[in-house]
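Working notes, beginning with the structure itself.
Protein chains: 6
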Amino acid sequence: MTTMSGLFLGRFQPFHIGHLDGVEQVLQDCASVCIVISSAHVCHMADHPFTGGERYRMVKHAMLDLGIEAERYDIIPVGYNHSTPAFLATVVSFTPPFHRVYTGNPQIMSLFSSWRYDVLPTRSQLTSGKVVRQKIAAEADWERWVPPTTAELIRAVDGIRRVKLLQQAANQGG
Amino acid sequence: MTTMSGLFLGRFQPFHIGHLDGVEQVLQDCASVCIVISSAHVCHMADHPFTGGERYRMVKHAMLDLGIEAERYDIIPVGYNHSTPAFLATVVSFTPPFHRVYTGNPQIMSLFSSWRYDVLPTRSQLTSGKVVRQKIAAEADWERWVPPTTAELIRAVDGIRRVKLLQQAANQGG
Amino acid sequence: MTTMSGLFLGRFQPFHIGHLDGVEQVLQDCASVCIVISSAHVCHMADHPFTGGERYRMVKHAMLDLGIEAERYDIIPVGYNHSTPAFLATVVSFTPPFHRVYTGNPQIMSLFSSWRYDVLPTRSQLTSGKVVRQKIAAEADWERWVPPTTAELIRAVDGIRRVKLLQQAANQGG
Amino acid sequence: MTTMSGLFLGRFQPFHIGHLDGVEQVLQDCASVCIVISSAHVCHMADHPFTGGERYRMVKHAMLDLGIEAERYDIIPVGYNHSTPAFLATVVSFTPPFHRVYTGNPQIMSLFSSWRYDVLPTRSQLTSGKVVRQKIAAEADWERWVPPTTAELIRAVDGIRRVKLLQQAANQGG
Amino acid sequence: MTTMSGLFLGRFQPFHIGHLDGVEQVLQDCASVCIVISSAHVCHMADHPFTGGERYRMVKHAMLDLGIEAERYDIIPVGYNHSTPAFLATVVSFTPPFHRVYTGNPQIMSLFSSWRYDVLPTRSQLTSGKVVRQKIAAEADWERWVPPTTAELIRAVDGIRRVKLLQQAANQGG
Amino acid sequence: MTTMSGLFLGRFQPFHIGHLDGVEQVLQDCASVCIVISSAHVCHMADHPFTGGERYRMVKHAMLDLGIEAERYDIIPVGYNHSTPAFLATVVSFTPPFHRVYTGNPQIMSLFSSWRYDVLPTRSQLTSGKVVRQKIAAEADWERWVPPTTAELIRAVDGIRRVKLLQQAANQGG
Chain A
1 MTTMSGLFLG RFQPFHIGHL DGVEQVLQDC ASVCIVISSA HVCHMADHPF TGGERYRMVK
61 HAMLDLGIEA ERYDIIPVGY NHSTPAFLAT VVSFTPPFHR VYTGNPQIMS LFSSWRYDVL
121 PTRSQLTSGK VVRQKIAAEA DWERWVPPTT AELIRAVDGI RRVKLLQQAA NQGG
Chain B
1001 MTTMSGLFLG RFQPFHIGHL DGVEQVLQDC ASVCIVISSA HVCHMADHPF TGGERYRMVK
1061 HAMLDLGIEA ERYDIIPVGY NHSTPAFLAT VVSFTPPFHR VYTGNPQIMS LFSSWRYDVL
1121 PTRSQLTSGK VVRQKIAAEA DWERWVPPTT AELIRAVDGI RRVKLLQQAA NQGG
Chain C
2001 MTTMSGLFLG RFQPFHIGHL DGVEQVLQDC ASVCIVISSA HVCHMADHPF TGGERYRMVK
2061 HAMLDLGIEA ERYDIIPVGY NHSTPAFLAT VVSFTPPFHR VYTGNPQIMS LFSSWRYDVL
2121 PTRSQLTSGK VVRQKIAAEA DWERWVPPTT AELIRAVDGI RRVKLLQQAA NQGG
Chain D
3001 MTTMSGLFLG RFQPFHIGHL DGVEQVLQDC ASVCIVISSA HVCHMADHPF TGGERYRMVK
3061 HAMLDLGIEA ERYDIIPVGY NHSTPAFLAT VVSFTPPFHR VYTGNPQIMS LFSSWRYDVL
3121 PTRSQLTSGK VVRQKIAAEA DWERWVPPTT AELIRAVDGI RRVKLLQQAA NQGG
Chain E
4001 MTTMSGLFLG RFQPFHIGHL DGVEQVLQDC ASVCIVISSA HVCHMADHPF TGGERYRMVK
4061 HAMLDLGIEA ERYDIIPVGY NHSTPAFLAT VVSFTPPFHR VYTGNPQIMS LFSSWRYDVL
4121 PTRSQLTSGK VVRQKIAAEA DWERWVPPTT AELIRAVDGI RRVKLLQQAA NQGG
Chain F
5001 MTTMSGLFLG RFQPFHIGHL DGVEQVLQDC ASVCIVISSA HVCHMADHPF TGGERYRMVK
5061 HAMLDLGIEA ERYDIIPVGY NHSTPAFLAT VVSFTPPFHR VYTGNPQIMS LFSSWRYDVL
5121 PTRSQLTSGK VVRQKIAAEA DWERWVPPTT AELIRAVDGI RRVKLLQQAA NQGG
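Those sequence lines, one after another, are chains A, B, C, D, E and F. The first sequence begins at 1 in my numbering and counts up by one. The second sequence begins at 1001 in my numbering and counts up by one. The third sequence begins at 2001 in my numbering and counts up by one. The fourth sequence begins at 3001 in my numbering and counts up by one. The fifth sequence begins at 4001 in my numbering and counts up by one. The sixth sequence begins at 5001 in my numbering and counts up by one.
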């Protein structure tokens, strides 16, 4: 069996079924997945409503709920980086060794490819963070687009009200 | 009489009559106000034309002009912060203790509320920084929207020409 | 049974038996432990030889080796912070909620106490990171002072040679 | 003959014939030019496709190709700065003394003027970085808008594919 | 009468009678003093025990206690800066215009002189921050070396215990 | 003939004959050398007296004085980096491609080796920056330890007085 490890990068604002689909795709190819929460330091903004810790819990709870063994996944929040190359180097430095990078983000593709990493596209077609945030703000049937554990956490941190408040502000131009 | 202290946050680009209204509102509720100049490190940009020091002087001159006693106000410029939580912690760490946060900014509301601060809305309806900058750029009757001390300072630093130059650049797409 | 969660902070250069002792102490008191790897961004220096990712693996492998359930621990690397208050806020923001802070570091005690966290001392008397690094550099019976999984990882990354090289340089004054 | 030195600032994404025109303008006025590559730390983004090192080579190769003597030019990449004033101070601190600043950027004009530097406008009308990036993405006759050495470097780093990938992502909203 | 303004820089860990002496020296020469609290972002460390906000209050309370008019002084905390030149530029940018720099720190002298500021030495011989911190840690007649308002504030924030804890840690090698 | 390029890293406080020896060693092995000025953002401190720009000029003037062709060398100042991995990535990103790293610094050796770069030691035995700074401070026959162009520049920026002032301060404990 493969012993490869895959890196899966995302902001997870919030962690939705498209992300879960991506994680499962990596675990079909690889023995383990390292899930990197990027922009972990940004929160309480319209496009970044949840904290790094809240997003860590969304991912962790999904892994526990799916019954994935602890050996098969790591979850690493990566915060502030002052430059594009610093971001790459921090991700590499904070994580266990990986053999492939899975991402739907063309900037990440371009960056990691230029450092000779093997990059595979995983932009799940199921949904996007932006769409999910808009559904939450509209309280419009958003729960089916996130794992049940994400929905539970959003309620627990009073997240619907938070997303609504931040979206309204953004629409008004702050 | 109350001994509460209120925190009043704003960018003050420039300090206008809506801000002054906010400060007076805090001083009606509280024994003292701590006025935090946020984004103090950003200047000479279309949406951030004035330096931290220029904005400090706008606020200080308004306080002196109103004859508010030195015991009743503090003015603290807060510059660069690499993350949302770092911003909150820096504000708390740089200021005297406060019991309430007054702000019109939904991001600040959301952030300070999540750390269990008591937050009160103060978005004055009088005007906004954006509108005042546009009036300055157009030299369109802008002086009535700022305290006289702000108008004086803007003239003293050749601010009308500066705002005009920076706005034109922004309109041309830089 | 308790549902409290404890925060356990350390640099883990390397993760040694005193740290393991600390983690076990937290797990006796609390339902779960959040292990924060501080200064995760510093490596390849005499007092900081291992990368954030290497230290993450030291801690993770120890948890797996002890058979601790995934629900009971989290491991969060925290990197660069530009200020003391920013460090506290980043730790709080990147982690699940916690009820107590366990640390042997007086600066961390002082800092978290000043923000009204409940802080408990855990400076294990078993050993210290400095002593372990010196033993590694001297190849002097160092393995008994670290969990077997740490020893394995240090060998796998050619860590003895690295520690030796960096210590010599420091002794020579760089 | 003059012994003045001129500072010429730009992002050079990529270095095009308008920039070359600017450098030549400075060299008509001054004994030497110091070419500062700003935002050197940003790359692999739609508006910032090339690395600091790639842009350094674009400028260096153009100077060599024109046969300008090494005494007459310096090329200094300037990366991350956390604030507007820090940017100015870093530029001043990293470069040989200069007597004039040449720039087409109104923010740079406003900033350096406010520190009492002599600023001269050089927005060449020939083209802009944005237009050149769009032509590269469309593979539309872009080579005539850059020096031959820039075209060669863009091909050598597989830059057409990179610009295309990053532009598509930006158009899709990332 | 003079309309000059003097800049007075210090860390104020804590604000002691030597600092007060310095401020009074500036106010003999100048119409006003701008007191800059440097390293405002560092606290809860052996050599930096007090927060920026606590030091702000030490200075402010001393000014109020002396009855100095609000027109004659400003107090500006300056936090993190990523470089030596950035520090200078931030100080200049955050403060009202000044004509002279007063400091006892040779690095500050060297730096500001190199940017052509007029620098005057003010290393008061009365005491130093280091000596005062040692006296506080030893509870050895420390109060006579600080203004009464500083002593009051140190007691109010339980500062003696803090300084003691941090000094012990530093002596033990942390 | 070889087309290899070598990276040569140093702080150059100041650029001395040991550094020059190192550059010549690289040029014997390689077609070109990229000279990286590290810690370019630190200056006016006892161990870092000269600015990035002053050190750039020291290196550039030495290259011109030796008559080395412009094709064969590049000089790149690298300033602030918030982490060890970010430093490596910034160096790689700001420079033309290189095939080997030449350095006398064990931390740099360890870091670049861990990223699989080919690292060669070049700690010239001729002298060290520390020794040269001490000789300058003592005005003790220092000129023979630096290239004539370095000596000239140090005099031109009044560097002897600067080094003396900063060294005295360091000896007094600041």
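Positions of the beta carbon are idealized from the N, C-alpha and C atoms, including for glycine.
Asked: Suppose you measure from the CA of His5016 (chain F) to the CA of Arg5144 (chain F); what does that come to, to the nearest Å?; Found: 9 Å
Asked: Is it the case that the Cβ atoms of Asp1065 (chain B) and Cys1034 (chain B) are separated by a distance below 8 Å?; Found: no
Asked: For Cys1043 (chain B), which residues in chain E fall below 7 Å Cβ to Cβ?; Found: Ser4093
Asked: Where DSSP assigns a beta bridge to Asp1118 (chain B), which residues make up the other side?; Found: According to DSSP, Asp1118 (chain B) bridges with nothing at all.
Asked: Do you know whose CA, among A:Gly53, A:Leu9 and A:Ser93, lies nearest Trp5115 (chain F)'s CA?; Found: A:Ser93
Asked: Please list the partners that Leu3064 (chain D) has in chain F, where partner means a Cβ-to-Cβ separation under 7 Å.; Found: Ala5070 and Glu5071
Asked: If we define contact as Cβ-Cβ less than 8 Å, is Arg5155 (chain F) a contact residue for chain E?; Found: no
Asked: Mind pulling the chain E residues with CB within less than 8 Å of Ser3083 (chain D)?; Found: Ala4086, Ala4089, Thr4090 and Ser4093
Asked: How is Met2109 (chain C) classed by DSSP in three states: helix, strand or coil?; Found: helix
Asked: State the start and end residues of the unbroken beta strand (DSSP E) segment that holds Tyr4073 (chain E).; Found: Tyr4073 to Pro4077
Asked: Using the beta-carbon of each residue, which ones in chain E are nearer than 8 Å to Arg1011 (chain B)?; Found: By Cβ distance, chain E contributes nothing, its closest Cβ being about 14 Å from Arg1011 (chain B), past 8 Å.
Asked: Give every residue of the same chain whose Cβ lies closer than 7 Å to the Cβ of Ile2160 (chain C), excluding the five residues on either side of it in the sequence, and list them in chain order.; Found: Ile2136, Glu2139 and Ile2154
Asked: Express the C-alpha separation of Val4042 (chain E) and Thr3122 (chain D) in angstroms, rounding to a whole number.; Found: 43 Å
Asked: Any C-beta of chain F sitting closer than 8 Å to the C-beta of Gln4025 (chain E)?; Found: no
Asked: Suppose the cutoff is 6 Å on Cβ atoms and the five residues either side in sequence are ignored; what does the same chain contact list for Ser2032 (chain C) look like?; Found: Ser2005 and Arg2072
Asked: Following the continuous beta strand (DSSP E) through Ser4005 (chain E), name the residue where it begins and the one where it ends.; Found: Ser4005 to Gly4010
Asked: DSSP state of Val5059 (chain F), grouped into three classes?; Found: helix
Asked: Give the residues from the region 5099-5125 of chain F that approach chain C closer than 8 Å (Cβ to any Cβ), ordered along the chain.; Found: Asn5105, Pro5106, Gln5107, Met5109, Ser5110, Leu5111 and Ser5114
Asked: Could you give the residue range of the alpha helix (DSSP H) that holds Arg144 (chain A)?; Found: Note, Arg144 (chain A): premise wrong, no alpha helix (DSSP H); not H, not E.
Asked: Taking CB distances under 8 Å as the criterion, tell me whether Pro2148 (chain C) reaches chain A.; Found: no
Asked: Going by DSSP, what residues sit across from Thr1103 (chain B) in a beta bridge?; Found: B:Pro1121
Asked: Alpha carbon to alpha carbon, how far is Arg5100 (chain F) from Val78 (chain A)?; Found: 30 Å
Asked: With burial defined as no fewer than 16 other Cβ atoms inside 10 Å of the residue's Cβ, what is the status of Gln168 (chain A): buried or exposed?; Found: exposed
Asked: Give me, in chain order, the residues of the same chain whose beta-carbon lies closer than 7 Å to that of Asn3081 (chain D); leave out the 5 immediate sequence neighbours on both sides.; Found: Phe3087 and Thr3090
Asked: Buried or exposed for Gly174 (chain A), please, with buried defined as at least 16 other CB atoms from any protein chain shown within 10 angstroms of its CB.; Found: The predicted position of Gly174 (chain A) is uncertain, since its pLDDT is 39 and thus under 50; no value can be drawn from it.
Asked: Whole angstroms are fine: how far does the CA of Lys1130 (chain B) sit from the CA of Met2109 (chain C)?; Found: 44 Å
Asked: From the DSSP output, read off the bridge partner residues of Val4033 (chain E).; Found: E:Gly4006 and E:Tyr4073
Asked: CA-CA distance, Gly2067 (chain C) and Arg2055 (chain C)?; Found: 19 Å
Asked: Mapping DSSP to helix, strand and coil, what is His2019 (chain C)?; Found: helix
Asked: If contacts are defined as beta-carbon pairs under 8 Å, then Val5146 (chain F) and Pro5014 (chain F) qualify, I think. What distance do you get, rounded to the angstrom?; Found: 6 Å
Asked: What separation, rounded to the nearest whole angstrom, lies between the Cα atoms of Lys3164 (chain D) and Ser39 (chain A)?; Found: 25 Å
Asked: How long is the line joining the alpha carbons of Ala1170 (chain B) and Gly3104 (chain D), rounded to whole angstroms?; Found: 13 Å
Asked: Can you tell me where the alpha helix (DSSP H) holding Ile1068 (chain B) begins and where it ends?; Found: First-last for Ile1068 (chain B): undefined, no H or E at that position.
Asked: Does the beta-carbon of Pro2097 (chain C) have 16 or more other beta-carbons within 10 angstroms, so that it is buried, or is it exposed?; Found: exposed
Asked: Relative to the alpha-carbon of Thr1051 (chain B), which residue among D:Val3132, D:Thr3095, D:Ser3083 and D:Ser3128 has its alpha-carbon at the smallest distance?; Found: D:Ser3083
Asked: On the criterion of 16 or more Cβ atoms from any shown chain inside 10 Å, does Pro1148 (chain B) qualify as buried, or is it exposed?; Found: exposed
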